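Residue numbers (the working numbering), protein chains in the order written: chain A, 82 to 242; chain B, 305 to 812.
A virtual CB, placed ideally from N, CA and C, is assigned to each residue, including glycine.
If you're wondering where the values come from, they're calculated on a predicted model, not measured in any experiment.
First comes the structure, then the notes that go with it.
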Amino acid sequence: MKGLLLSVAALGVILLVLNFGYYQEWFRVKPLQYWSDFLKEKDDTAGEYAVKAQRYGISYTISMRVLDAIRKKNMTHAVILFEPNSYYRDSLHIYPNVHAPEPAVFYYYTGLEGVWTNSPNVNKANFLLRISRKGAALDTIRSPQHLQEILVRYKKYPPIL
Amino acid sequence: MPLIAFLLLLVCYLVTGYGILFLFRLQLKGAYTVALSFLLGLAVASFLPFLLQLLFVGITPFSVFGSLALAAIAFSGPVLYHIRKQGFAAFRRSLPRPSFEVRPYEIPFFVIIGFFIFVSIWRGYYLPPTSRDALSGPEAIAQVAVSEHTLINSFFGIDLWTTNNQFKSPFLISLQVIYKLAGFPFGQVWLSIVFVSITVFIYHALRERLHPLFAGLLLLLFVMTPEMYAYTFMILYDYSNMIFFFLSLYFLFAWTGTGAANQFYFSGFLMGIATYIRSETLALALLFLPLILLVQRRRKMPPKQVAVAIALFLLPSLLGYYLPSQLYIKYYLPVHYDIGGLVNSDLTSLRPLFQRYGDIFTHLLTGEFAIHLWGYIFYVAAILFVAEAIVLRRFNREARNWLYAVVVLYIGLGALGWLLPMMNLNETTKRAMFKMLPLVLFYLANNELLIRFSRAISRWESTPGKWGFAGAPASPKAGKAASAPTRSVLTKSGKTTTKPATPPRKKK
C-alpha cells in the first residue's frame, strides 16, 4: 500500500514538473515534437541527402545545386565567391531564411572551395553565386577586372555569418 | 553491419574501461563499473586516431580499429594476468554483483527518463551534426579524413578566416572518424553512449544518498535541462567535458573523505580527459589545488609527498592540454594559431571582470533566459540552499565540497571570460555552464534537509503502519538507500537537531 502511495506520489511529481512553468512549453515544443518526428522518420526511406537537406535547410540545397552545376561544367578547381549575407539582410531582406554558408561549412557540404568578398583568397574566385528571391544562379567570373567590379558592387555589405 | 560495429565498439570500450578501473584498483558497484568502463573506453578511443596522426600513421579502417583492439588488449593485460594468477573463479567472485532492486515507484521515473533517452538516441542517430562549431571544424575535418586518410587534410587548405574551430581538440574529430568508418554517415551515435552511461551513474550516485523518489526527481530536473538536453544528441565538446569534469570531482571529493590514493589519482586522470576535451579545464583544475592542499595538510602529509601527489594529479591535465593545444597545433597543423594573441591585452582594468561576473549571474543564472536554458534547477537549489542555511545553519562536508566546486567554477568561468575575450557570454560561457549542473545536483544530493526528508520517508516506508498491509512484515531492504542512522527532532526552542535512531549504548 505504501509502495502504491509512493508510486502515485512519483507520478504526481512527474506530472507536476512536466506542467510547471517553462517546462510545459519546452516539453511540448521539443521532446514531444521530437517524438512526433520520430513516428514519421522511422518509416522514412529518405537518404543522407534528403535528411541533410531537411536539417540544414536552403543553404545546403543551394550548395548542392552549385556542386551539380560545377560537375556539369567539368571544372577541376572551382572557387565560389559568395555574396555577403548582409546584402541579403539589408538589400533583399531574405536573411536569415536564405543565407550563404561560410566557406568552411560549404566545403563540408560540397567539397568545393568558397570565399567571401573579404577573404584573403578572394582573387582565386572563378564563380559567383547569386541568390535572389527568384532563385540562385552561378555566374562565371570572366577576368580579374570582372572580379573587381563584383567586389566593388558589394563593398558596402560586410560579410557576416 | 553498422549495428555489429557499434556493438563491437561497445565491447571494446567495456574491456578497455574496465582495464583502466582495474589499474586504479577501484572496486565499485556494478552499475558504476559498467557506466565508467564505457565512458573511459570511449575516452581512450577518442585519443587513438589523434595518436595515430601524431605518429604519422594513416587513418584507415585497419589502423583505427586495429589500434582500438590493441588498446583493449593492452588495458586488459593486467586483468588477464590477475585471472591467470588467481584463477577465473576467483576473478568472477571479485566482480561486482548486480544488486539493483527496482521499487514500483521508481518505474514512473524510469519511463519518463527512458522517453528522454530514447528520443535523444534517435535524433543522434537519424540527424546529421548541426552546430556551426562542429560543421566548420571537427565534423568537416573528420569527414575529409575518412577519404584522405589523415586528420591534417585538404580542409586546412581552404579559406578558414571565419572560424577557429579547426584548432579545437581532436576529441570530436577522432570519435567522428571512428563512427563514420564504422558505417554511420553522421557519426555522433557515440554521444548516446555518453548520455546513457552518465545517466545511469548519476542515478545510482543520487540513490545512495537520497530516497529513490528524490533521486528520480533530481535526475528528471537534470535531464530536463533544455539547453543541455539538446547537446545529448548534437555533438560538441561541452557535454562530454562536463561529464569528465564532474566525475573527476566526484572521485576527488570521495578522496577527501576516504583518503584513498587511488581515488585521488583516478580523479586526476579524469580531469586530464576533461582537459583533453576542452583545454581551458586546466585552469579550473588548478583552482582545486587549495582544497587538495587543505586536505593534505589536515592529514599531515610531508611536503615532499604533497608535491609528488599534486604533480601526479596535474600530470594528466598538463598532457591533456599540451598534446592537442601545443604540440599538435604548433608542430603538426599547417596553419598556426597564436593562443597568446587571444589573451586580453588590458589586464589592469578589472571592470570587465566584474562585469562578466555580473552578467553570468543576471543573464545565465537568473532571469527568463536562464530558465529557458536550465529550467528551474538553479532556483530549486537556491531555495534548498537558503533553507538549509536558515534551518540547520551548517552544511555537511560533502555539501561544502560541492558548494566549493560551484564557487570555483563561477570564479573560474568569469576569470576565463575576462582573460580570453573570445569566450563570449552567450555561447562559450553558456555552454561552459553545463559543468555547473552536476555540481548543483550533487549539492542537492547532499542537502541535509533533503537527506532528512529522505530518511523520514524511508522510515515511514519500512515501518508497518495503518497504511501498510495488516501483519505484513516490512521489507528489510526498504529505505536502504537512505537508512536512518539519525532522526530529526524539533526542540522546544524551535531548532531541529539530530538524534540517533536507536538508543546509544551505555558507556562501560
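Close to R136 (chain A), with beta-carbon spacing below 8 Å, are these residues of chain B in chain order: L431, P432, T434. For Q447 (chain B), at least one C-beta of chain A is nearer than 8 Å to its own C-beta. Annotation: T733 (chain B) to M727 (chain B) spans about 6 Å, alpha carbon to alpha carbon. Pairwise C-beta distances place the region 402–415 of chain B out of contact with the region 348–366 of chain B, as fewer than three of them are shorter than 8 Å.
In the three-state reduction of the DSSP assignment, V89 (chain A) falls in the helix class.
Listed in chain order, the alpha helix (DSSP H) runs fully inside the region 116–158 of chain A are 129–137, 139–154, counting runs of at least 4 residues. Flagged as an interface residue toward chain B: S200 (chain A), by a C-beta distance shorter than 8 Å.
In this chain, the beta strand (DSSP E) harbouring G195 (chain A) covers 194–196. Contact with chain A is absent for L540 (chain B), since none of that chain's Cβ atoms lies less than 8 Å from the residue's Cβ.
With fewer than 16 neighbouring CB atoms inside 10 Å of its own CB, Q105 (chain A) falls in the exposed class. Only residues of its own chain outside the window of five on either side were considered, and among them G428, T536, F537, I539 have a CB closer than 7 Å to the CB of L495 (chain B), listed in chain order. Pairing S424 (chain B) with G138 (chain A), the inter-Cα distance amounts to about 21 Å. Of the residues assessed, Q609 (chain B) falls on the exposed side of the cut-off, its CB having fewer than 16 other CB atoms within 10 angstroms. Using a CB distance below 8 Å, the part of the region 391–421 of chain B facing chain A consists of R407, P408, Y409, E410, I411, P412, F413, I416, F419, F420, ordered along the chain. Within the same chain, and ignoring the five residues on either side of L713 (chain B) in sequence, the residues whose Cβ sits closer than 7 Å to its Cβ are L588, K739, M740, L743. Look at A486 (chain B) here: in three-state DSSP terms it is coil, with no helix or strand label. Judged by pairs of C-beta atoms under 8 Å, the region 667–686 of chain B touches the region 96–116 of chain A, as three or more such pairs exist. Neighbourhood of Y189 (chain A) in chain B, by CB distance below 7 Å: L439, E443, A444, Q447, in chain order. Within chain B, the residues Y409, L517 have their CB atoms less than 8 Å from the CB of A90 (chain A), given in chain order. K604 (chain B) counts as exposed, since fewer than 16 other beta carbons sit within 10 angstroms of its beta carbon. The beta carbon of E183 (chain A) lies closer than 7 Å to those of L242 in the same chain, with the five residues before and after it left out. Per the C-alpha coordinates, the member of B:F310, B:V383, B:I411, B:I456 positioned closest to L359 (chain B) is B:I456.
Taken in chain order, the complete alpha helix (DSSP H) segments of 4 residues or longer contained in the region 452–507 of chain B are 474–485. Using a Cβ-Cβ cut-off of 7 Å, V493 (chain B) is close to nothing in chain A; its nearest Cβ partner there is about 14 Å away. Against chain A, a Cβ distance below 7 Å from R427 (chain B) picks out Y115. Against chain A, a Cβ distance below 7 Å from M737 (chain B) picks out nothing, because the smallest value is about 17 Å. At a cut-off of 4 residues, the continuous stretches assigned as alpha helix (DSSP H) that sit fully inside the region 599–648 of chain B are 607–626.
Think of a sphere of 9 Å around the beta carbon of I95 (chain A): the chain B residues whose beta carbon falls inside it are P412, F413, V415, I416, G520, L521, L524, in chain order. DSSP places T562 (chain B) inside the alpha helix (DSSP H), whose first and last residues are 541–562. Rounded to the nearest whole angstrom, the CA to CA distance from Q470 (chain B) to L86 (chain A) is 55 Å.
With a cutoff of 8 Å on beta-carbon distance, L729 (chain B) and V647 (chain B) are scored as not near each other.
The beta-bridge partner set that DSSP reports for F208 (chain A) consists of A:I161, A:T221. Residues of chain A with a Cβ closer than 8 Å to the Cβ of L464 (chain B) are, in chain order, P184, A185. Using a Cβ-Cβ cut-off of 8 Å, Y680 (chain B) is close to F101, G102, Y103, Y104 of chain A, given in chain order. I681 (chain B): member of the alpha helix (DSSP H) spanning 681–695, first to last residue.
A straight-line Cα-Cα distance of about 7 Å links V450 (chain B) and K484 (chain B).
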